[in-house]
Amino acid sequence: MLRDLQTQFRVGLLGGDAAPALASIENDVITPAQRFGIYRNNVLGSLAGALAAAFPVIERLVGERFFRAAARSFVQQSPPTVPQLLAYGDGFPAFLEAFPPAQSVRYLGDVGRLEWGRVDSMFAADAPALEPSALTSLPPEALADLLFAAHPATRLIRSAQFPIHTIWQVNQPSNPDPRPVDPGLGAEAVLVTRPGLAVETNPVTPGDAVFVQCLLQQQPLAAAAEAALGAEPDFDLQGALAAHLGRGTFSRVMQASR
Amino acid sequence: MTTPPSTEFVVDPIPASAGIGLRHPHVTDFVTRRPPVGWIEVHSENYLGAGGPRLAALEQIRRDYPLSCHGVGLSLGSWEGLNVDHLARLRALFDRFQPGLVSEHVAWSVQDGTYLNDLLPLPYTEEALTILCRNVEQAQEAFGRRILVENPSSYVSFAESTIPEWEFMAETSRRTGCGLLLDVNNIHVSAHNHRFEPGPYLDAIPLDMVGEVHVAGHFVHEFDDQAILIDDHGAPVADAVWALLREALRRLGSVPVLVEWDTRIPPLDVLLAEAEKAQALIDIASTGRVRGDTGAPVHAS
Amino acid sequence: MATKTLTALTLAAAVGGAAAALGTTGTVSAQDMVKCYGIALAGQNDCANAAGTHSCAGQSTVDFDGGEWKLVPAGSCNEPGSEEPFAGVGGTIPGLEGSDPNA
Numbered sequence: 084m085l086r087d088l089q090t091q092f093r094v095g096l097l098g099g100d101a102a103p104a105l106a107s108i109e110n111d112v113i114t115p116a117q118r119f120g121i122y123r124n125n126v127l128g129s130l131a132g133a134l135a136a137a138f139p140v141i142e143r144l145v146g147e148r149f150f151r152a153a154a155r156s157f158v159q160q161s162p163p164t165v166p167q168l169l170a171y172g173d174g175f176p177a178f179l180e181a182f183p184p185a186q187s188v189r190y191l192g193d194v195g196r197l198e199w200g201r202v203d204s205m206f207a208a209d210a211p212a213l214e215p216s217a218l219t220s221l222p223p224e225a226l227a228d229l230l231f232a233a234h235p236a237t238r239l240i241r242s243a244q245f246p247i248h249t250i251w252q253v254n255q256p257s258n259p260d261p262r263p264v265d266p267g268l269g270a271e272a273v274l275v276t277r278p279g280l281a282v283e284t285n286p287v288t289p290g291d292a293v294f295v296q297c298l299l300q301q302q303p304l305a306a307a308a309e310a311a312l313g314a315e316p317d318f319d320l321q322g323a324l325a326a327h328l329g330r331g332t333f334s335r336v337m338q339a340s341r
Numbered sequence: 236m237t238t239p240p241s242t243e244f245v246v247d248p249i250p251a252s253a254g255i256g257l258r259h260p261h262v263t264d265f266v267t268r269r270p271p272v273g274w275i276e277v278h279s280e281n282y283l284g285a286g287g288p289r290l291a292a293l294e295q296i297r298r299d300y301p302l303s304c305h306g307v308g309l310s311l312g313s314w315e316g317l318n319v320d321h322l323a324r325l326r327a328l329f330d331r332f333q334p335g336l337v338s339e340h341v342a343w344s345v346q347d348g349t350y351l352n353d354l355l356p357l358p359y360t361e362e363a364l365t366i367l368c369r370n371v372e373q374a375q376e377a378f379g380r381r382i383l384v385e386n387p388s389s390y391v392s393f394a395e396s397t398i399p400e401w402e403f404m405a406e407t408s409r410r411t412g413c414g415l416l417l418d419v420n421n422i423h424v425s426a427h428n429h430r431f432e433p434g435p436y437l438d439a440i441p442l443d444m445v446g447e448v449h450v451a452g453h454f455v456h457e458f459d460d461q462a463i464l465i466d467d468h469g470a471p472v473a474d475a476v477w478a479l480l481r482e483a484l485r486r487l488g489s490v491p492v493l494v495e496w497d498t499r500i501p502p503l504d505v506l507l508a509e510a511e512k513a514q515a516l517i518d519i520a521s522t523g524r525v526r527g528d529t530g531a532p533v534h535a536s
Numbered sequence: 741m742a743t744k745t746l747t748a749l750t751l752a753a754a755v756g757g758a759a760a761a762l763g764t765t766g767t768v769s770a771q772d773m774v775k776c777y778g779i780a781l782a783g784q785n786d787c788a789n790a791a792g793t794h795s796c797a798g799q800s801t802v803d804f805d806g807g808e809w810k811l812v813p814a815g816s817c818n819e820p821g822s823e824e825p826f827a828g829v830g831g832t833i834p835g836l837e838g839s840d841p842n843a
């Protein structure tokens, strides 16, 4: 029955027992195992290739051969559930973090989250960016309780431990000779935005990371700014707001109903 | 600072001329050069994101070219039926870009909700035919339009198969009213891999149902001393495939012909030269029957 | 910003200053848009068998068998051609050991 055959193929194609699938294949010219292998290699190889396209810096960091092997393990463990490769890979950073052979490099997960944030941002919905006039037209007393709606393409990636922006920037595939980076440099946060159509990747200060995080969680402006000052006494609210207006971090503002 | 969708497209029929598959490395060329091809085809699944530059580029290119949407992930051969969310996303894509043709494959790629990203082979049995036809009908209903289904390249044959592939294709069309997308490279590849002659394949295909033809390059892999052809779309179209195209067009009259190139993608000009070759063969054939855009035949006097 | 208690006035000054620094947000030029079209960033679905048998690097092979791969930290990996793009970073460089079915 077709149901059995398709089940047997799925299992065998993802690295499980292929014997039941092979039993249904005619032995003609070359062996069933050779014929089935063409499909298996294409499934695993094409999906690993899709991950390589989404995680170029991870591939750069670990080398192509390690990457391919790790990617195939991930594919076997977590194959796609939607037929769009542009949406495949969100679980790969967590997989790397738990991947025993990669335990000696603890920052792969967070650098991977940065890369996935860029992919996710690139295919997010279109929306207008917040216009400065939307802020200046408000009475001063309305500002403290103002709520900000993130642009659909905005992603904030905060590492608890690692300088992910520095690692990501230095290890771009286009950089032929990356300088060494000390992973103990300190934690960094990265804001991915898409003003216009270009995905931008910018480091943000600890205070700004808290500021954006609070606003994304629908805390009002005054509370977000105070939390940012708590995290970074020198937090520059005006500078941060100007940067977010320029980068299209937010899409619109709403007055909190009191 | 974004560019929301603005253009309201209407359906442009796909002309009976040579088209090429629009692939990412050529997108900027298409925007800046507007190369002289009659139409373009995209893989639908690559445009199912919510927004961003990929869709914006297609929006711009669509203004200059008739568009065909060729699906690679619907899994028409799945026992478990079709993913209704995926059908809805595709319908929204078609509503926005108004393609002249919509096509998919006689293959499967989804089992138990897992997407395997390959066009996997069906056994040619009455059960599989019934399931395929049920799914084709569901897709046509969801899209509100007729689709074309393409014959696959295959590397295995099943002991339980009872129906020749060409009859399986023809019967799918007869039962569901869907059109056929005849991939002559796939016929060549499968004929070689399963050691049958391509001639009877063409004889068995109901010509009036063929709405589009594909050509592409393939790769020859030696297993010990046995050559197996791999449909990698990574080379110029082989001479034997051009010959098969010529033979197909002799029977079909003029029909839209697409040149596909997906692996080791060359500069656009290489692809355009392949399209010119296809066009020359269409021109020779078009002295015969004249055909409409969706495969419905219009007989010339 | 020395105080943690933000007055309406402080907020208004910061917001006003930020808006003034930006002016109005501009529209995207056609040239910038075309540049954006050139960026891929994700896998692409296609209908080709791109990896079925090719034996070049990065492709799988006919008899790929996950069990043949053994991943180990690179300290013990001295295979020619293994990449160490992150040398000097501090962590051990991951590598690959074992029979390579691609070779």
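Protein chains in written order, with the working numbering: chain B, 84 to 341; chain V, 236 to 536; chain Z, 741 to 843. We treat Cβ as the ideally placed atom computed from N, Cα and C, and that holds for glycine. Since the model is a prediction, treat every value here as computed from it, not as a measurement.
Using a C-beta cutoff of 8 Å, does N428 (chain V) count as contacting chain Z?
no
Measuring only between beta-carbons, confirm whether P215 (chain B) sits less than 8 Å from chain Z.
yes
With 7 Å as the C-beta to C-beta threshold (strictly closer), list the residues of the region 471-498 of chain V near chain B in chain order.
none
Of all the alpha helix (DSSP H) runs that stay within the bounds of the region 92-163 of chain B, which reach a length of 4 or more residues?
The region 92-163 of chain B contains these whole alpha helix (DSSP H) runs: 102-106, 115-137, 139-145, 147-160.
Of the choices V:A513, V:N281, V:L479, V:W477, whose alpha-carbon is the least far from that of S493 (chain V)?
It is Leu, not Ser, that sits at residue 493 (chain V) in the sequence shown. Nearest of V:A513, V:N281, V:L479, V:W477 to L493 (chain V), Cα basis: V:A513.
So is R238 (chain B) in contact with chain C if we call contact Cβ pairs under 8 Å?
Of the chains in the structure shown, none is chain C; the protein chains are B, V and Z.
Cβ of E309 (chain B) less than 8 Å from any chain Z Cβ?
yes
So which of B:P223, B:L85, B:A135, B:F178 has the shortest CA-CA distance to L749 (chain Z)?
B:P223
Give me the Cα-Cα distance between N789 (chain Z) and L304 (chain B), rounded to the nearest whole angstrom.
52 Å
With 16 as the cutoff for other CB atoms within 10 Å, does E511 (chain V) come out buried or exposed?
Within a 10 Å sphere around the beta-carbon of E511 (chain V) sit fewer than 16 other beta-carbons, which makes this residue exposed.
Applying the 10 Å Cβ sphere with the 16-neighbour rule, what's the burial state of Q160 (chain B)?
exposed
Going by beta carbon distance, what residues of the same chain come within less than 8 Å of P162 (chain B), once the five residues before and after it are set aside?
L97, L130
For chain V, is any of its Cβ atoms less than 8 Å away from the one on L218 (chain B)?
no
I need the DSSP call for A326 (chain B), collapsed to helix, strand or coil.
helix
Return the chain-ordered ranges of every alpha helix (DSSP H) run that is complete within the region 329-368 of chain V and spans a minimum of 4 residues.
Taking only runs of at least 4 residues, no alpha helix (DSSP H) segment lies wholly in the region 329-368 of chain V.
Identify which residue in V:D330, V:A327, V:S310, V:L336 has its Cα closest to the Cα of P248 (chain V).
V:L336
Where does I255 (chain V) fall in DSSP's three states?
The three-state secondary structure of I255 (chain V), taken from DSSP, is strand.
Per DSSP, what are the beta-bridge partners of D299 (chain V) in this structure?
None, per the DSSP bridge assignment.
What are the partner residues of A233 (chain B), as DSSP defines its beta bridges?
B:F333
Where do the N-terminal and C-terminal ends of the alpha helix (DSSP H) with N785 (chain Z) fall, by residue?
Premise fails: N785 (chain Z) is in no alpha helix (DSSP H) and is neither H nor E.
How should R93 (chain B) be labelled, buried or exposed, when 16 other C-beta atoms within 10 angstroms of its C-beta is the threshold for buried?
Residue burial annotation: R93 (chain B) is buried, with at least 16 other C-beta atoms found within 10 angstroms of its C-beta.
Just checking my contact of G287 (chain V) with R330 (chain B) at CB under 8 Å: how many whole Å lie between their CB atoms?
The Cβ separation is near 16 Å, so there is no contact.
Evaluate Q244 (chain B) with the Cβ neighbour count: other Cβ atoms within 10 Å of its Cβ, from every protein chain shown; 16 or more gives buried, anything less gives exposed.
exposed
Starting from E283 (chain B), trace the beta strand (DSSP E) both ways and give me its first and last residue.
283-287
Identify which residue in B:L88, B:D100, B:T114, B:R86 has its Cα closest to the Cα of D460 (chain V).
Nearest option by C-alpha distance: B:T114.
Are H423 (chain V) and A475 (chain V) touching if we call contact CB-CB under 8 Å?
yes
Three or more C-beta pairs closer than 8 Å, one from the region 164-175 of chain B and one from the region 233-244 of chain B: is that the case here?
no
Could you tell me which chain B residues have their CB closer than 8 Å to the CB of C776 (chain Z), listed as they occur along the chain?
G279, L280, A281
Three-state secondary structure (DSSP) at A272 (chain B)?
strand
What does the alpha-carbon distance come out to for the pair A137 (chain B) and N281 (chain V)?
14 Å
Buried or exposed: which applies to M444 (chain V), given that a residue is buried once 16 or more other Cβ atoms fall within 10 Å of its Cβ?
buried
Going by CA-CA distance only, name the one from B:Q296, B:C297, B:G279, B:A272 that's closest to N285 (chain B).
Ranking B:Q296, B:C297, B:G279, B:A272 by Cα distance to N285 (chain B) puts B:A272 first.
Might you give, ordered along the chain, the residues of its own chain that have their beta carbon closer than 6 Å to the beta carbon of L320 (chain B), omitting 5 neighbours on each side?
Setting aside the 5 residues that flank it on each side, L320 (chain B) is surrounded in the same chain by A308, each with a C-beta closer than 6 Å to its C-beta; the list follows chain order.
Taking DSSP as the reference, what is the three-state secondary structure of C304 (chain V)?
strand
L280 (chain B) to P271 (chain V), Cα distance in whole Å?
27 Å
Helix, strand or coil for R430 (chain V), going by three-state DSSP, please let me know.
coil
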